[in-house]
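Below is one structure, written out as structure tokens; the observations come after it.
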Amino acid sequence: MAILVTGGAGFIGSHTCVQLLNAGYEVIVLDNLSNASEKSLDRVRELTGKNLKFYKGDILDRDILNKVFETEDISSVIHFAGLKSVGESVKKPLEYYDNNITGTLTLVDVMRQHNVKNIIFSSSATVYGDPAEIPITEKCPKGQCTNPYGWTKSMLEQILTDIQHADNEWNVVLLRYFNPIGAHPSGRMGENPNGIPNNLMPYITQVAVGKLKELSIFGDDYDTTDGTGVRDYIHVMDLADGHVKALSKLAKGTGLSIYNLGTGTGYSVLDIVHNFERATGIKIPYKVAPRRAGDIAVCYSNADKAKKELGWEANYGILEMCRDSWNWQKSNPEGY
Ligand code: NAD
Ligand code: UFG
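The numbering of the sequence shown is our numbering, which starts it at 1 and goes up by one.
Put into structure tokens, the structure is as follows:
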């Protein structure tokens, strides 16, 4: 039996493939390469010494999905495939709703036709909106998202919940990621953003490598210890392990489950800059800029539920996250 990993060539997907292969799973990847390079999968093979099968294809394409499910003996799906740029989603809402929502509806319909009813879905802390409680437990009510990308996550959580309620043969795990950073400790795999990065860590590593001049810190007047925004950064290898643990949960057939995947610790933007400098010895020039529209002040998890029920917790600390992000960037300045 194999695990189908949609979006498996991407940042989190490729690291998860490494950990799945290391745990002994057979892995099939479906990715349209709209935001990834197939080279990431060569690196997965290189690092694990194991093979995985790759289908270049789109989750909107029913024919390729049927072909995959007819050809392969799939037990469960880990569903990463989706568009994820917050800013782009504001400009292209139709493309985001179509890709993420229609794509997922097509995927789960084909899964149902082939009687594969186990799915792990990549959700996000963004579904909490401006969170009603800090640290955020899974019981915290979902909030108002500030962009179409966030709404696709919130809506897909609801859709998958309704599907599971209507047919209890489905096992659905919704994983709400906090802020994934870091890279494989080998420096052979990492995040490969197109153009100027939107997210903090890839921006910092591109300043460190000399591709960008200085970091703009979006606001220093938030109600936080140093005025800059606070987030729960999590190493991508820990996140990958969370998926391996969630697969064991699926195998036990437990219906619908929701987990935060975070460390439970918040770091401000300035904390990240200083930890990056400590981990790498490189000074990061920065200036303070106005707040970015849609940002919230503080977002970090309570990660107790995943520890209790999945036996998972984050192991990497912030210095290791900075070290591994930098290690990837410096050895691959142009990405893959
Ligand atoms: P990524 O862009 O690196 O990976 C997504 C992959 O999906 C890419 O390889 C892309 O080519 C593929 N893809 C997109 N649309 C597709 C389609 N229609 N058919 C087939 N493949 C398609 O992003 P990532 O950071 O690895 O994120 C993975 C998942 O986790 C996404 O669903 C994302 O929304 C979610 N997530 C990411 C973050 C984050 O900060 N990185 C946070 C929370 C949730
Ligand atoms: N920031 C800067 N300068 C930058 C980039 C970011 O100061 O150049 C600040 C932001 O204002 C924020 C913090 O750094 O305070 C983190 O910002 P990111 O863009 O790295 O991450 P976000 O928390 O805004 O959002 C990310 C993903 C979302 C996801 C969310 C929770 O982009 O898709 O984490 O998982 F929903």
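Beta carbons: idealized from backbone N, C-alpha and C, even for Gly.
Simplified DSSP assignment, three categories, for residue i
i, result
"LEU250", "helix"
"LEU256", "strand"
"LYS91", "helix"
"ALA208", "helix"
"ILE318", "helix"
"TYR267", "strand"
"TYR55", "strand"
"TYR364", "In the structure as shown, the chain starts at 1 and stops at 336, and residue 364 therefore has no counterpart that could be examined."
"ASN327", "helix"
"THR137", "coil"
"ARG231", "strand"
"GLU277", "helix"
"LEU105", "helix"
"LYS198", "Per the sequence presented here, residue 198 reads as Asn, with Lys not at that position. ASN198: coil per DSSP, three-state reduction."
"LEU239", "helix"
"ASN192", "coil"
"ASN35", "coil"
"ASN99", "helix"
Run of the beta strand (DSSP E) containing residue i, from where it starts to where it stops
i, result
"PHE178", "That residue, PHE178, is in no beta strand (DSSP E); it is neither H nor E in DSSP."
"TYR286", "286 to 289"
"HIS114", "No beta strand (DSSP E) contains HIS114, which DSSP labels as neither H nor E."
"LEU156", "Looking at the DSSP string, LEU156 is not in any beta strand (DSSP E); the run it does join, the alpha helix (DSSP H), is 148 to 166."
"GLU313", "That residue, GLU313, is in no beta strand (DSSP E); it is neither H nor E in DSSP."
"ILE64", "First-last for ILE64: 62 to 71, but that is the alpha helix (DSSP H), not the beta strand (DSSP E)."
"VAL77", "74 to 79"
"VAL5", "2 to 6"
"ASP130", "It is not in any beta strand (DSSP E) - ASP130 carries neither H nor E in the DSSP assignment."
"ASN118", "118 to 124"
"ILE28", "26 to 31"
"SER216", "215 to 218"
The ligand UFG heavy atom lying under 8 Å from the CB of residue i
i, result
"VAL172", "no"
"TYR177", "yes"
"LEU239", "no"
"ASP295", "yes"
"THR152", "no"
"ILE258", "no"
"SER124", "yes"
"LEU200", "yes"
"CYS140", "no"
"VAL269", "yes"
"TYR316", "no"
"THR228", "yes"
"PRO197", "yes"
"SER216", "yes"
"TYR300", "no"
"LYS330", "no"
"VAL90", "no"
"GLY219", "yes"
"TYR97", "no"
Cβ-heavy atom distance, residue i to the ligand NAD, below 8 Å
i, result
"GLU339", "Because residue 339 is not part of the residues shown, which for the chain are 1 to 336, the question remains open."
"LEU148", "Note that residue 148 is Pro in the sequence shown here, rather than Leu. Checking the Cβ of PRO148 against the ligand NAD gives no."
"LEU33", "yes"
"ALA81", "yes"
"ILE272", "no"
"ASP58", "yes"
"ALA303", "no"
"ALA36", "yes"
Start-to-end residues for the alpha helix (DSSP H) that takes in residue i
i, result
"ILE12", "11 to 22"
"GLU46", "39 to 48"
Per-residue burial, residue i [other beta carbons within 10 Å of its own, 16 or more giving buried]
i, result
"ALA132", "exposed"
"LYS56", "exposed"
"PRO135", "buried"
"MET1", "exposed"
"LYS252", "exposed"
"ASN99", "buried"
"GLU157", "buried"
"ASP31", "buried"
"ILE28", "buried"
"ILE141", "Note that residue 141 corresponds to Pro in the displayed sequence, not to Ile. PRO141 comes out exposed."
"PRO333", "exposed"
"HIS165", "exposed"
"ALA289", "exposed"
"PRO285", "exposed"
"GLU38", "exposed"
"ASP232", "buried"
"LEU94", "exposed"
Closer than 8 Å: residue i CB and nearest the ligand SAH heavy atom
i, result
"PHE69", "Although the ligand SAH was asked about, the structure shown includes only the ligand NAD and the ligand UFG as ligands."
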